[in-house]
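Engineer: Numbering (the working numbering), first residue to last: 41 to 1035.
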C-alpha cells in the first residue's frame, strides 16, 4: 500500500486509490499517519477531532471510525482480510506501515541520508537527497481536512519540518556549488515568501541568488527582508543576513534598507527564463529564474546603444516553444489577424479559456504564437510569469516585474526610481518608438497587468489569464480570445504527435475513447500520453480501460509534479475565490444536471437571486464555470469531480444533505407548479405544502414561462429523479417522476419515461408507499404501450388499478381505465375500450370530477371514429366541447375540437374538419402544447390533401415536422414519409377518403 500526508491525505492499494471516507475519518487517518508507528491515545484522537466540542459518545464514534478504516486497509482486492495494520495498544491505536509506504517516512529517511552524506564530506549527495525529500511535499500537512483539525500541534510539528529541510538543503547546496543552488531556487523563493521573517531562510535565498548570478534579485531580496525586520520587529539584520550581505556587490551591501542603490559599480545583467510550469527535474536542468525557466546565454542579449542612462539591450526572454504543439489553427489565425500589415498599431491580446479551466493550453498557445511572430519585433521580447495562480500563492507585484524588465533592458540598478508609478514611466519611455513583444503569463487581474502596458504604438502585449480581464477589454482595447477544449480531430492529432501515428492508427477506437475520457483537455491528454509513452508495449485499450475504471475521480490523472496534476492546477483557481464563491463551487457538485440555472444555484446556497449573481460571475471570471446560455452555467467534468472532492472534505454531511434536499424540493415543487399551469384540470398528485427553507419554488406568470422552464430543465429533472433515488429521498424520486409523466409522454421521451418510472417504482417499493407504487405502475403501463409491449403494459396497469382501489383514489382508477382503453384501441379491441371508458366515467362521476368526465366523452367519440360510427362520434365530441368550455379547460376543449375535425374528415366534410382543426390549433398554441399543436397540423395537412390541395397539405406538414424535430419526437419520421410521397400517391390516398 501507499499513503501520503505531506499534502492531501490519500491512500492507494496498488494502483487503486482508496476513499478514506467522511471528513472525521479522513482526519483520523491523517493523525495516525502523522504519528505513524506511535500509539495515539483515544483521548488525543477525541481532542484532535472535536477539540472542546466533543459530543456525548465521542469515544464510541472513534471506535466506529477505526473499524471502518480497518475494513478499508485490511481487505485485499480479492476481498480477503489481511493482518490488521491498525492495532490497539497503550490506550490508543497505532498504524503499522511497511518501509517506504508513507511519504513522511521517506522524507525523514532522506533527511537522515543527507545528514550522513554531509558528515562524510559529500555535500552534493546531501543536497540531492534533500531536494528529493522536498519534492515529496504536495502542500501543507494533511491539507484538505478541516482547518480547526489541521491546526493541532500533531500536524503543525510536521509542517515545521519542511522549512527546516529547506534550510538544510540550501546550506549543503551552497557548499556543493552554484549548479545545485540554482536547482533549489524555486523552493527557496516559495518558502521564504511563506516565512517572511525567518532570517536564516532569507539569508540562504540572498546567498543562493547572488552565487547563481541573480544579482538584481539578490539585492532586492536583501533590501526587502531588512526593511521588513526594521518595520515589523524594530530589529537590524542578524548575523546570518549580514553574512549573506558579503556575497552582494559593495554598492548593494552598503545601501541602507529601503534606499535606492548608488555607485558606479552597480550594474544589472539581462537575464531571462522559462515560463512557470515548465517541466524539469533532471540533474543538469538549469535553475528557474524569477520570470521563468532556462537562462538565456549572454549572446542572446544584444546591446544596442545607450538610452535614458541605460545600456539599451535586445532581450530575448521567450520560453522555449513546445516542439509537440498541435492544433489551434483557427485560434492562431485569429491572433495573427490582430497584427496590421504595417505593424504600427498597439495590440493587447487577452488569451483565456472558455470556462477558464486550468490545463486548456493558454500558455502553450501564447508562447507558440510569440515565437512565430518574434521576428516582427526586432527590439526584443520580454517575458514574465505573473504568478496569478500557482503553488506558492505569491502573486508577482507589478513593481517586481517592471524592475525585472528594466534590468533586462540594461537599466543600472541605481537608475531605477523608487515607486511603481516612476518605474512604469521609465519602462514606457524605454519602449517608446521600439518594437518589443511582451508576454505576460498567468495574470491574476486587470490591475496587475495595467502598469505593464506600453504607452505608445509598436509593441505587442500577449496576456494569458484564468480570469476574464474585462477591464482590459473595455478600457484598454484588448482583444479577447477564448480557448475552448480541443476538437476530437485535434485531440487525436495531439496523441499522434506524442505516441506516433502508427500506434494510434493501430487502435483508433481506443484512442477515441482516451480522448473522450480525458475530456479533450490538453493537460489530461498530456498526462495520459506521457504515461503511454514510457510504456510503449502497453496497449491503448488497456489505458482506456484504466481511465474507464477511475471515471468520476481524478485518480487516473494524478501526477508526481504538482504543476501537471489537475487537482493542484484547479486548486490555484479555487484558492483565489471568496468564501461565498468557493462554497457555491463546491455545492454545485451536488447539482444533478449538466448545467445549473441561476435559481438552482441560489437554492443550493439558500441565498436570494440578487446575492447569487455576483458569486456566479466570480466563478465565470475565474473560469471555474462557463455561462453556456443566459442564466445557465456548467463546467468541465473534471472540475465537477474536483468540486465534489472539495465538498466532501469541506462541507459536513449534514450541510450537503440540506443543500441536496433544498434543491430537490425546488425542482419538485416548481415542476408541479408548471404542470398544474399547463394542464390545470387534469387529476394530479397533491404535494405536501411543507417546503425546505430556501427551496423557493418558482411562481410562473404564464403558461409559456412554465413550458419553457420544463423544456430547459428537462435533463436536470431526469437526473434529479435518479439523484433522489441514490440519496435515499424516495418520496422526491417517485413524486417528481409522477409530475413529469405527461410532459415526457407529450414530447415522445418514452425511453426517458421508462427509466425514471422504473426508478420511481423501486423507490416507492423501498418506502412501502402504495400511492407511489400506483402512480409508477400506471405510468409504466402507458409507456410500455407506447413502446409496443402490450403484455407488460397490461400487467402494470392491472397492478395500478388494484393499488388505486386499495387507497380509495377514484380519479386515479379512472385514469388507469382510460389508459387501458387506449391500449385496447391500439390493438383494435374497440368494444373493450368502450367498457373501460364506462368504468372510468362512473368513477369520475362518483368523485365529482367533471373534467375527467368531459375527457371521457372525447375519447369515446374517438373510439366511435375508429369503429366507423362517425355520427355518434360527432355527438360525443360536441358534448365534450361544451363541457370543457363550461369548465374553462382549454386543453380538453382543444382535444375535443381535434376529434370532431377527425370525424368530419372521415365523413368527407373537409372544410368542416379544417374549421374544427383551426379551433384546436389556436387552443394548443395558447397553452403552448408543442406536440399536440404538431399533431393537429398533421391532421390539417391530411384534410387539405383529401380536399385536393397538395401545396396547402405540404405546408401544414412542414410546420408539423419543424415542431417535431425541435422536440426530437419519434412521430417526425411519419411526417417525413408524408412529405416524401409522390403526388400521385397522395391523390390516390385523398380519393380513397372521398370515396
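A virtual CB, placed ideally from N, CA and C, is assigned to each residue, including glycine.
All figures in this text were calculated on a predicted structure; none of them were measured in a lab.
(1) Identify which residue in 77, 65, 123 and 122 has its Cα closest to the Cα of residue 103.
(2) Which residues does DSSP list as the beta-bridge partners of residue 52?
(3) Please state the DSSP three-state secondary structure of residue 654.
(4) Assign residue 48 to buried or exposed, taking buried as 16 or more other Cβ atoms, counted over all protein chains shown, within 10 Å of its Cβ.
(5) Using 8 Å as the cut-off, can you tell me whether the region 488 to 496 makes contact with the region 402 to 413, which would need three or more C-beta pairs spanning the two stretches below that distance?
(6) Over what stretch of residues does the alpha helix (DSSP H) that includes residue 674 continue unbroken?
(7) Pair every Cβ in the region 727 to 747 with every Cβ in the region 759 to 769, then say whether three or more of these pairs are closer than 8 Å.
(8) Work out the CA separation of residue 354 and residue 420 for me, nearest whole Å.
(9) Are the CB atoms of residue 473 and residue 498 within a distance shorter than 9 Å?
(10) Based on DSSP bridge pairs, tell me the residues matched to residue 710.
(11) Give the range of the alpha helix (DSSP H) segment to which residue 1065 is assigned.
(12) Please name the residue in 839, 1010, 859 and 844 whose C-alpha comes closest to that of residue 1119.
(13) With which residues is residue 254 paired in a DSSP beta bridge?
(14) Hey, is the region 926 to 935 in contact with the region 717 to 724, meaning 3+ C-beta pairs nearer than 8 Å?
(15) Whether or not the region 885 to 905 and the region 681 to 700 are in contact is what I'm after, with contact meaning three or more pairs of Cβ atoms, one per stretch, closer than 8 Å; do they touch?
(16) What residue ranges within the region 742 to 828 form continuous alpha helix (DSSP H) runs of no fewer than 4 residues, ordered along the chain?
(17) Kindly indicate which three-state DSSP category residue 124 falls into: helix, strand or coil?
(18) For residue 181, which three-state DSSP category applies?
(19) Skipping 5 residues on each side, what residues in its chain have a beta carbon closer than 7 Å to that of residue 683?
(20) Helix, strand or coil: which one does DSSP assign to residue 8?
(21) Among the candidates 784, 702 and 169, whose CA atom is the shortest distance from the CA of residue 148?
(22) If I measure Cβ to Cβ from residue 1038 and keep anything under 6 Å in the same chain, skipping five residues before and after, which residues do I get?
(23) How is the alpha helix (DSSP H) around residue 939 delimited, first residue to last?
(24) Quick test of your reading: residue 507 and residue 661, contact by CB under 8 Å. State the CB separation rounded to the nearest angstrom.
(25) So, is residue 93 buried or exposed, given that buried needs 16 or more other C-beta atoms within 10 angstroms?
(26) Pull the bridge partners of residue 696 from the DSSP assignment, please.
(27) Using the C-alpha atoms, what's the distance from residue 209 back to residue 60?
(28) Residue 70: which of 839, 196 and 151 sits nearest, CA to CA?
(29) Once you ignore the five residues that flank residue 212 on each side, which residues in its own chain have a CB closer than 6 Å to its CB?
(30) Report the CB separation of residue 638 from residue 656 in whole angstroms; it is logged as a contact under 8 Å.
(31) Which of the three DSSP states is assigned to residue 83 in this structure?
(32) How is residue 412 classed by DSSP in three states: helix, strand or coil?
(33) Work out the CA separation of residue 740 and residue 870 for me, nearest whole Å.
(34) May I ask which residues mark the beginning and end of the alpha helix (DSSP H) holding residue 105?
(35) CA-CA distance, residue 537 and residue 678?
(36) Locate the beta strand (DSSP E) running through residue 1019, then write down its first and last residues.
Structural biologist: Reading from the atomic positions:
(1) Measuring from the Cα of residue 103, the nearest candidate turns out to be 65.
(2) DSSP, once it has assigned bridges, lists 42 and 57 as partnering residue 52.
(3) Note: residue 654 maps to helix in three-state DSSP.
(4) By the neighbour-count rule (16 or more Cβ atoms within 10 Å), residue 48 is buried.
(5) Contact between the region 488 to 496 and the region 402 to 413 is absent, because fewer than three Cβ pairs lie under 8 Å.
(6) Residue range 672 to 674 is occupied by the beta strand (DSSP E) that includes residue 674, with no alpha helix (DSSP H) assigned at that position.
(7) Not touching, per the Cβ criterion.
(8) Distance between the alpha carbons of residue 420 and residue 354: 5 Å.
(9) Taking 9 Å as the cut-off, the Cβ atoms of residue 498 and residue 473 count as close.
(10) According to DSSP, which records beta bridges pairwise, residue 710 is partnered with nothing at all.
(11) Because the chain in this structure spans residues 41 to 1035, residue 1065 falls outside the shown range and cannot be described.
(12) Because the chain spans 41 through 1035 in this model, residue 1119 falls outside it and cannot be assessed.
(13) Residue 254 pairs with nothing; no bridge assigned.
(14) Because the criterion of three Cβ pairs below 8 Å is met, the region 926 to 935 and the region 717 to 724 touch.
(15) Too few Cβ pairs lie closer than 8 Å, so no.
(16) Qualifying alpha helix (DSSP H) stretches, in chain order: 743 to 766, 770 to 786, 790 to 807 and 810 to 826.
(17) Reduced to three states, the DSSP call for residue 124 is coil.
(18) When secondary structure is reduced to three states using DSSP, residue 181 falls in the coil class, being assigned neither helix nor strand.
(19) Cβ within range, chain order: 625, 626, 628 and 629.
(20) For residue 8 there is no data in the structure shown, the boundaries of the chain being 41 and 1035.
(21) Each of 784, 702 and 169 was checked against the Cα of residue 148, and the nearest Cα belongs to 169.
(22) The question about residue 1038 has no answer here: the residues shown for the chain are numbered 41 through 1035.
(23) Start and end: 930 to 946.
(24) With 8 Å as the limit, residue 507 and residue 661 qualify as a contact, their Cβ atoms being about 5 Å apart.
(25) Residue 93 comes out exposed.
(26) BP columns for residue 696 are empty, so no partner.
(27) Each residue's CA atom was taken as its position, placing residue 60 and residue 209 some 34 Å apart.
(28) Among 839, 196 and 151, the Cα nearest to that of residue 70 belongs to 196.
(29) These residues qualify, in order along the chain: 158, 163, 166 and 167.
(30) Residue 638 to residue 656, Cβ: 7 Å. Contact.
(31) Three-state DSSP puts residue 83 in a helix.
(32) Helix, per DSSP.
(33) Taking the straight line from one Cα to the other gives about 40 Å.
(34) Start and end: 98 to 113.
(35) The alpha-carbon atoms of residue 537 and residue 678 are separated by roughly 24 Å.
(36) Membership of residue 1019 in any beta strand (DSSP E) is not indicated; the residue belongs instead to the alpha helix (DSSP H) covering 1012 to 1020.
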